[in-house]
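Taking our numbering, the leading residue of the sequence shown gets 11, the next gets one more, and so forth.
Think of the CB as a built atom: it goes at the ideal place given N, C-alpha and C, for glycine as much as any other residue.
Structure, as structure tokens:
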Amino acid sequence: MNRVLRLVSVVLAVIVFVGATCRRGPVQVTPVETMEIADEVYYHNVSITWDGSHYFTLNGGNDEWSRVNEYDEDGEFVTSYAPGIDGRTMFYNTAEETFYAKAYDTDLYTVDLDEEDYDSEEVGLFEEDQTSVGFTPDGKRAFELEEGTVYVYDLDEREEVESFELERVYNEGGYGQAIAACDKYLYVWGAENGIIVYDQKGRFVTEFTLPREGFWASLSWCNGMLWIAEDADAGDELGEGTWFGYKLKGLH
Numbered sequence: 011m012n013r014v015l016r017l018v019s020v021v022l023a024v025i026v027f028v029g030a031t032c033r034r035g036p037v038q039v040t041p042v043e044t045m046e047i048a049d050e051v052y053y054h055n056v057s058i059t060w061d062g063s064h065y066f067t068l069n070g071g072n073d074e075w076s077r078v079n080e081y082d083e084d085g086e087f088v089t090s091y092a093p094g095i096d097g098r099t100m101f102y103n104t105a106e107e108t109f110y111a112k113a114y115d116t117d118l119y120t121v122d123l124d125e126e127d128y129d130s131e132e133v134g135l136f137e138e139d140q141t142s143v144g145f146t147p148d149g150k151r152a153f154e155l156e157e158g159t160v161y162v163y164d165l166d167e168r169e170e171v172e173s174f175e176l177e178r179v180y181n182e183g184g185y186g187q188a189i190a191a192c193d194k195y196l197y198v199w200g201a202e203n204g205i206i207v208y209d210q211k212g213r214f215v216t217e218f219t220l221p222r223e224g225f226w227a228s229l230s231w232c233n234g235m236l237w238i239a240e241d242a243d244a245g246d247e248l249g250e251g252t253w254f255g256y257k258l259k260g261l262h
């Protein structure tokens, strides 16, 4: 009888544990503002990346007024470059010591800041002109979001390898065309000040609210932080936008 009672107790404990696990809610995330960089650009603040010691920001909106700004690890301005690209995303591949970019078209580019020039690396790799794509920190994959569909690219093979639908994304303006990626997660806009987190197969993880709104194309991941920008919204005269970097407490 005692043996039977012990067995019943074990079974009940397992049921309670499984039930509690199934009822567990999303991961609670607290965005902690860690960096702030004032960034003077023409037109719009669209992307930020990190080469291991310095930050590099990219503008977008007009290739004749192209600008990449370089900042030290404390966010102090170093210099600027004019590579001639109407940017949407820029990423530094540490293993290759190479800057990659997506412009207002569907090609994958390499960017040479010293020569202030860029070259097409793969013609027509991406689906849409306007999208701001996310690169994994190891440079192996890129993710593109368009109308709730995520397209996944193998950057070694330079090809699309899969696609999947997201349960929910904020589709107003250009917000439904921007995505950022870290080594484990994907980040999309849930509102102009809200972020939805998915895993890299498109399964919902959590969502959280930022303390400010960001420009749609600015959604970026670099140096262990999620970044957004308050946009300069300038023209052919310089305007100042501001980048904000957030550590995601509870997720990383």
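query: Sequence ranges, beta strand (DSSP E) only - wholly within the segment 108-141, length at least 3; result: 108-113, 118-122 and 127-132
query: Three-state secondary structure assigned by DSSP to G186; result: helix
query: Contact check, E177 vs V162, beta carbons under 8 Å; result: no
query: Contact check, D49 vs N72, beta carbons under 8 Å; result: no
query: The segment 218-231 in contact with the segment 181-192 per 3-pair CB rule at 8 Å; result: yes
query: Beta-ladder partner(s) of W75, from DSSP; result: The partner list for W75 (beta bridge, DSSP) is empty, contrary to what the question assumes.
query: As assigned by DSSP and simplified to three states, the class of V14; result: For V14, the predicted model reports a pLDDT of 41, less than 50, meaning its position is unreliable; a value from the coordinates is still stated below. Looking at V14 - three-state DSSP - the assignment turns out to be helix.
query: Helix, strand or coil at S228 according to DSSP, with G and I counted as helix; result: helix
query: Between the CA atoms of F254 and L118 - distance to the nearest angstrom; result: 26 Å
query: A242, DSSP secondary structure in three states; result: coil
query: V41 in three-state terms, based on DSSP; result: The sequence shown places Pro at residue 41, not Val. Strand, per DSSP.
query: Range covered by the beta strand (DSSP E) that runs through T216; result: F214 to T219
query: The ligand PLP heavy atom lying under 7 Å from the CB of A201; result: This structure lacks the ligand PLP, and indeed carries no ligand of any kind.
query: Length of the line joining the Cα atoms of V207 and V51; result: 29 Å
query: 6 Å CB neighbourhood of Y102 in its chain, flanking five on each side removed; result: T59, D61 and F109
query: Span of the beta strand (DSSP E) around L196; result: Y195 to A201
query: Rounded straight-line distance, which links the Cα of V37 to that of N55; result: 30 Å
query: Three-state class that DSSP yields for A105 in the structure shown; result: coil
query: Per-residue DSSP class, three states only, for V143; result: coil
query: Collapsed DSSP secondary structure at D209 in the structure displayed; result: strand
query: Proximity below 8 Å, CB of V39 to CB of F218; result: yes
query: Buried versus exposed call for R266 [16 or more other C-beta atoms within 10 Å across all chains shown]; result: Here the chain has residues from 11 to 262 only, and residue 266 is not among them.
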